[in-house]
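Student: Here's a structure for you.
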Amino acid sequence: MSRLPDLEALAIFAKVADSQSFSGAAETLGLSKATVSKAVTRLEQQLKTTLLHRTSRRFALTDAGRTLAARAAHMLAEAEGAVSEALDMSITPRGLVRLAAPMSFGMAYVAPALPEFLATHPDVSVDLHLSDEVIDLVGGGFDCALRIAALADSSLTARKLRPVARALVASPSYLDQRGRPTHPDDLARHACLGYAYMPSPDTWRFSNAAGEEVVVHPRGPLRANNSDALTASLCAGLGLFPQPDFIYWKDVADGNLETVMTDWRLPPIALHLVAPSGGPRPARVTAFMDYLAAKFSGPLWPGDTVGR
């Protein structure tokens, strides 16, 4: 068959056969009797066979009509069931949600937050994908993602949840030995660790409250594709690195790391909740995104001032 089946005509024919009446099928479907009759005629023309014998008062199915009616009724029932299930899923949170999140933030904050959501929504399951690489949500089949960045314009919808501060940190032992930098130019004399997924890994841009801007080309003994992977080396005294606050806060509080050059800032970044644009989202995705937004918009650790 070179063209798609006339599904509408098949559905109408199934109702006609079930009700044994054109007028009965028309009333059930909310269509005119003429529309129902034309659909059956169209189906007969496409199939090149007679499906029923008409008289002024009644009709009788042919052998081909009886065979087709049974298949059409099954098809209609499957279609009605699929629509009912899809409608139910659009209203009641149910099914799988796929989320992409940065590795360190995902391990420290997203993963521990999932049990509460799953307990509240027992018919929803979550597929969590952790990676610092920017994931193609549409191509990868993801419903939403958490991203820590200065977002560029895109076709995705984005909700900013919280700013993410970055501070240049190093161990006290390293700073006692190499000195505490006070200006970006001082970093030329320091070992600077690197993060592969910074927008420009070989360029750090600093600015201060006076509007001065300084570009630094860091050099050091280690680069990683995960910021948290640098923590052990920072604590061991291998160099400096501008860590995000959700990673460095505990080591700074414990005295393992120290913030320096606090009058200078890197370009601002934030935690965003992003999703493909389009029509209404399934209830499971909406519920999950609302939960993530509420969970990560406020304070996340002792002393965190966001949301207070």
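In our numbering, the protein residues as written are 849 to 1156.
Glycine included, every Cβ here is placed at the ideal spot set by N, Cα and C.
To the nearest angstrom, how far is the alpha carbon of G954 from that of K886?
Tutor: 58 Å
Student: Strictly by DSSP, which residues pair up with R1132?
Tutor: The partner list for R1132 (beta bridge, DSSP) is empty, contrary to what the question assumes.
Student: Output the distance between the C-alpha atoms of L1035 and F1054, rounded to the nearest integer angstrom.
Tutor: Rounded to whole angstroms, the gap between the alpha carbons of L1035 and F1054 is 11 Å.
Student: Would you call the segment 1066 to 1079 and the segment 1039 to 1047 in contact, with 3 or more CB pairs under 8 Å?
Tutor: Cβ pair count under 8 Å is three or more, so yes.
Student: Is K886 near the ligand SAM, judged by its Cβ being under 6 Å from some heavy atom?
Tutor: No copy of the ligand SAM appears in this structure; indeed no ligand is present at all.
Student: Enumerate in chain order the residues of its own chain whose CB-to-CB distance from L1114 is below 7 Å, with the five nearest sequence positions on each side excluded.
Tutor: In the same chain as L1114, and ignoring 5 residues on each side of it, the C-beta atoms closer than 7 Å to its own belong to R1014, W1052, R1053, F1054, P1090, in chain order.
Student: List the endpoints of the continuous beta strand (DSSP E) containing K1008.
Tutor: 1005 to 1012
Student: Measuring straight from C-alpha to C-alpha, what distance separates W1112 and A1080?
Tutor: 24 Å
Student: Could you round the C-beta distance between S1125 and C1083 to whole angstroms and report it? I think they count as a contact, below 8 Å.
Tutor: About 42 Å separates the two Cβ atoms, so there is no contact after all.
Student: If distances are taken between C-alpha atoms only, which option among D1152, L895, M1137, P1147 comes closest to A949?
Tutor: Of D1152, L895, M1137, P1147, the residue nearest in Cα terms is M1137.
Student: In three-state DSSP terms, what is H901?
Tutor: strand
Student: Classify E1106 as helix, strand or coil using the three-state DSSP reduction.
Tutor: strand
Student: Output the distance between the C-alpha atoms of R1037 and Q1025, rounded to the nearest integer angstrom.
Tutor: If you take the alpha carbons of R1037 and Q1025, they lie about 12 Å apart.
Student: How would you call S952, buried or exposed, if buried means at least 16 neighbouring beta carbons within 10 angstroms?
Tutor: Counting the other CB atoms within 10 Å of its CB gives S952 a total of 16 or more, which places it among the buried residues.
Student: Residue range of the beta strand (DSSP E) that V958 falls in?
Tutor: Counting along the chain, V958 falls outside any beta strand (DSSP E), and DSSP gives it neither H nor E.
Student: What does the alpha-carbon distance come out to for the pair R995 and L976?
Tutor: 14 Å
Student: By how many angstroms is the C-alpha of D980 removed from the C-alpha of A859?
Tutor: 49 Å
Student: Per DSSP, what kind of secondary structure is E926 in: helix, strand or coil?
Tutor: helix
Student: Over the uninterrupted beta strand (DSSP E) stretch that includes F907, give me the two end residues.
Tutor: Looking at the DSSP string, the run of the beta strand (DSSP E) that includes F907 is 907 to 909.
Student: Excluding five sequence neighbours on each side, which residues of the same chain lie with their C-beta closer than 6 Å to the C-beta of V884?
Tutor: I860, F870, A873, A874
Student: Where D971 and T940 are concerned, what is the direct C-alpha to C-alpha distance, given to the nearest angstrom?
Tutor: 9 Å
Student: Count the other CB atoms, across all protein chains shown, that sit within 10 Å of the CB of M849; report buried if there are 16 or more and exposed otherwise.
Tutor: Note on M849: pLDDT 46, under 50, position unreliable in the model; no value is reported.
Student: Between which residues of its own chain and E892 is the CB-CB distance below 7 Å, once the five residues before and five after are set aside?
Tutor: Excluding residues within five positions, the ones whose Cβ falls inside 7 Å are T898, L899.
Student: Please return the same chain residues whose Cβ sits closer than 7 Å to the Cβ of G1068, not counting the five positions on each side in sequence.
Tutor: Hits under 7 Å: A1039, C1040, L1041, G1042, G1087.
Student: Do you know how far the Cα of T1107 is from the Cα of V1100?
Tutor: 7 Å
Student: Tell me the DSSP secondary structure of F1054 in three-state form.
Tutor: strand
Student: Express the C-alpha separation of P1130 and Y957 in angstroms, rounding to a whole number.
Tutor: 24 Å
Student: Under 8 Å by Cβ, that's how I've got S973 and L944 pegged, so tell me the actual separation to the nearest angstrom.
Tutor: 5 Å
Student: For I1056, which option in G1085, G987, H922, M1109 has the closest C-alpha, if you only look at C-alpha atoms?
Tutor: It should be noted that the sequence gives Asn, not Ile, for residue 1056. The option with the nearest alpha carbon to N1056 is M1109.
Student: At which residues does the alpha helix (DSSP H) containing D980 begin and terminate?
Tutor: D980 -> no alpha helix (DSSP H), and no H or E assigned at all.
Student: At what residues does the beta strand (DSSP E) containing R995 begin and finish?
Tutor: 992 to 997
Student: Cβ atoms of A865 and R890: under 7 Å apart, would you say?
Tutor: The answer is no: Cβ separation not under 7 Å.
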